[in-house]
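Peer 1: Just passing along the structure, written as C-alpha cells.
Numbering (the working numbering), first residue to last: 2 to 60.
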C-alpha cells in the first residue's frame with residue numbers, strides 16, 4: 002500500500018510539473034504550431050499522470 006501511495010504522489014508531482022510548464026509557455030494564440038503542439042502534449046501528459054495516480058490508489 003505504501004508503494005502505491007508514493008507512486009501516486011510521484012505521478013501527481015509529474016502532472017503538476019507538466020501543467021506548470023504548459024501554463025508558463027505563454028499565450029497559445031501567439032505560439033507557432035510546434036509550440037502549441039508541445040503545449041498540448043504537456044497538458045495531455047498532465048491529465049494522463051493524474052488518471053494514473055487515481056488508478057494507482059485503487060489498486
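C-beta: ideal position from N, C-alpha, C; glycine also.
Taking residue 33 as part of the alpha helix (DSSP H), name the residues at either end of that continuous run.
Peer 2: First-last for residue 33: undefined, no H or E at that position.
Peer 1: Excluding the five sequence neighbours on either side, which residues of its own chain have a C-beta within less than 8 Å of the C-beta of residue 50, listed in chain order?
Peer 2: 12, 13, 15, 16, 19
Peer 1: Using the rule of at least 16 other Cβ atoms within 10 Å of the residue's Cβ for burial, across every protein chain shown, is residue 47 buried or exposed?
Peer 2: buried
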